[in-house]
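Q:
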Amino acid sequence: MCGIVGYVGPKPVIDVLMPGLARLEYRGYDSAGVALNHGGSLTVLKQAGRIADLQGLVDREGPAEAHTGIGHTRWATHGAPNTGNAHPHMDCRRDVVVVHNGIIENWVDLKAKLVENGHDFDSDTDTEVVAHLIEEMADLPLADAVRKVMNQADGALALVVMRKSEPDVLVGARRGSPLVVGRGKGENFLASDIPAFLEHTRHMVIVEDDRVVEIRPDEIVLTDLEGNSMPLDERMVEWDFEAAEKGGFDTFMLKEIFEQPHAIADTLAGRIESPGRVVLDELTIDSEILREVDKVFVVACGTSYHAAMMAKYAIERWARLPVEIDIASEFRYRDPVLDHRSLVIGISQSGETIDTLAAVRYARAQGSVVIGVSNVVESALARESDAVLYTRAGPEIGVAATKTFTTQLVAMQLLGLYLAQVRGALDPGAIELQVKELLRLPDQVEAVLARADDVKELTSAWVDTRDWFFLGRSGDFPVAMEGALKLKEIAYVRAEGYAAGEMKHGPIALIEPGVVVVGVATDSHVQAKTLSNMEEMKARGGTIVLVAEEGDDVGHVADHVIRVPSGPDLLCTVTAVVPLQLLAYYVATARGMDVDKPRNLAKTVTVE
Ligand code: AGP
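Heads up, the sequence shown is in the numbering used here, so the first residue is 599 and it goes up one at a time.
(1) Less than 7 Å separating the Cβ of Ala1093 from some heavy atom of the ligand AGP?
(2) In three-state terms, what does DSSP make of Met735?
(3) Would you call Asp924 buried or exposed, if buried means 16 or more other Cβ atoms sit within 10 Å of its Cβ?
(4) By the DSSP assignment, the alpha helix (DSSP H) with Gly638 in it spans what residues?
(5) Using only the alpha-carbon positions, how far apart do Asp1051 and Arg672 sit?
(6) If we require 3 or more residues per run, which beta strand (DSSP E) segments fall completely within the stretch 899-949?
(7) When every heavy atom of the ligand AGP is checked, does at least one fall within less than 7 Å of the C-beta of Gln858?
(8) Using 7 Å as the cut-off, classify the Cβ of Gln947 as near or not near the heavy atoms of the ligand AGP, replying yes or no.
(9) Let me know the secondary structure DSSP gives Glu817 once reduced to three states.
(10) With a cut-off of 8 Å, do at least 3 Cβ pairs link the stretch 974-994 to the stretch 888-902?
(11) Identify which residue in Ala963, Arg959 and Ser977 has its Cα closest to the Cα of Gly949.
(12) Going by DSSP, what residues sit across from Trp1210 in a beta bridge?
(13) Taking three-plus beta-carbon pairs below 8 Å as touching, is the stretch 610-617 in contact with the stretch 643-661?
(14) Where are the alpha helix (DSSP H) runs, 4 residues long or more, that stay fully inside the stretch 965-1018, in chain order?
(15) Given a cut-off of 8 Å on the beta-carbon distance, is the pair Thr1004 and Val744 in contact?
(16) So Val971 packs on Ile943, CB below 8 Å; how close in whole Å?
(17) Using only CA atoms, which one of Thr865, Gly1153, Glu1148 and Ala1137 lies nearest to Leu1129?
(18) Smallest Cα separation from Val986: which of Ala646, Ala633 and Thr675?
(19) Could you check the C-alpha separation between Gln1179 and His730 for me, to the nearest Å?
(20) Tell me whether the beta-carbon of Ser946 lies closer than 8 Å to the beta-carbon of Val968.
(21) I need the straight-line Cα distance from Gln858 to Leu852, nearest angstrom please.
(22) Would the beta-carbon of Gly669 fall within 8 Å of that of Leu738?
(23) Check whether the Cβ atoms of Gly868 and Ile701 lie closer than 8 Å to each other.
(24) Distance, Cα to Cα, Gln750 vs Glu714?
(25) Got a sec, what are the start and stop residues for the beta strand (DSSP E) Leu757 sits in?
(26) Taking buried to mean at least 16 other C-beta atoms within 10 Å of its own C-beta, is Ser1058 buried or exposed?
(27) To which residues does DSSP link Lys644 through a beta bridge?
(28) Residue range of the alpha helix (DSSP H) that His860 falls in?
(29) On a Cα-Cα basis, can you pick out the residue from Thr882, Ala1182 and Ala1028 that is closest to Val1226?
Okay, structure coming up:
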């Protein structure tokens, strides 16, 4: 989730770009840069690290007089977070400069053709491909060239492009990633986020998907990808800065819950090949080594441990490999039996959790192969693994994991299917079926989010409830565990996640009137048993809430049913957890809690 700001107008552009980038710092980033168009020359200044570091570079080397420019904060998805990969990026002739937010899925093929045509690349990013593609269209007006690029590039992207020879125009384009115009008086702005230009103007022009926009100081031209002029949808921004940073949501956590469809789509992007094959080229482990693996261990903490539970189901079901899962802080003390044929998967959205790092280091010392699953490029886990599978949830500001969890679940499904593919454990037809279902997830999660108010209304009766159970079997069990953790960590309420079948072995003694029991019953193999467990809870006075698929006959045990779209068992866990995130969120906010910064918690736990 990178940050973009562009300006054309009478002001010294650097006085707009740097404060604009500072307004985007909250999004998280690992490098920043600016490009300035002044008097027929282009200056590009960029720096890994903080915006303050870039400011120093600008103060030293920035030209005094420039009135057109673009700035960028990068959250790395392709290529290390270093200065070379920082945006903006240029073409060979240093005539075109581009910044980008999103993922160009076919960038490897596009780059190969450009290299074949003699282009030299400076970076490992997908973004740089755009600059060289436009270089090849030097005879076209910039907007035409950008339209052609948008017709060639697959995936979610927002671009802003500048050309040395056209000093008073910026061209933006978007598909999936955000981009908005700020209309000023004799000046105009482009940004990924309203806060970047809010101090200059509240007048914005919406840029819909598959649109290209040209801004000059006194002109805004919007077209579709064929160049047909489109009407301008102009709005006034009512938000203050804080609301604008949260995209109009009350909290970062709620914004991130609603970002999940986009985050899941980004995590799938470029990793599925038609008609239905998983492609994980970034997984730099020889297939022969993966074929020799005879056991898998998955280690993680907290919410990531619940993703590890799901990994067990996915890898055992698809790849038919035995999987052991461990809470990372327990793993190395149980003296696990590891060797060179063991594959150890460490899951950590931050990639900095010391318990997980210690477990992974122990595994490597035993000669095992390690795959890191992280949301942060070049995090410690990424650096200390033999290979990395990144989730692409973008920065997660809220302490409670939400979009990083659902993207971890998707990553685990991809990994399970990939291992099955490499090891020939599943026929291509079966893989194709699962892949097609994976691609439906963003829309399915969107559908669940559309009913968020139903969850809010439902939970209003339980704001003061102090005893909750979350129950599930099979793939629903990790979902129940995650639902309980969410409620604990943001509402400070006692909530137990339990295997539904295990309640009768003791914990059922706690069930009495006033206890709310949430049953997750999407896994068809065990649904009947889960429902009978819920009958046992009801018989003892529990209030029963059920999460079940649309159309499933769940009898009359539930006092309330939350429906999610139907799908294959293991994938329903992705949609089933969303109502539980919302449930915890609405209970916590009704209880007046600070859901973005819960007491006693840190976003990254770097102590053992
Ligand atoms: C989840 O909401 C919590 N913030 C916490 O349990 C977290 O999942 C755990 O600390 C692991 O973090 P990691 O994924 O960054 O390793």
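Ideal Cβ placement from N, Cα and C applies to all residues, glycine included.
A: Judging by the given coordinates:
(1) no
(2) coil
(3) buried
(4) Gly638 -> no alpha helix (DSSP H), and no H or E assigned at all.
(5) 34 Å
(6) 921-925 and 940-946
(7) no
(8) yes
(9) strand
(10) no
(11) Ser977
(12) Absent from the structure is residue 1210, since the part of the chain shown begins at 599 and ends at 1206.
(13) yes
(14) 978-981
(15) no
(16) 6 Å
(17) Gly1153
(18) Thr675
(19) 43 Å
(20) no
(21) 10 Å
(22) no
(23) yes
(24) 17 Å
(25) Leu755 to Arg761
(26) exposed
(27) Gly631
(28) Gln858 to Leu866
(29) This structure leaves residue 1226 out entirely; the chain is present only between 599 and 1206.
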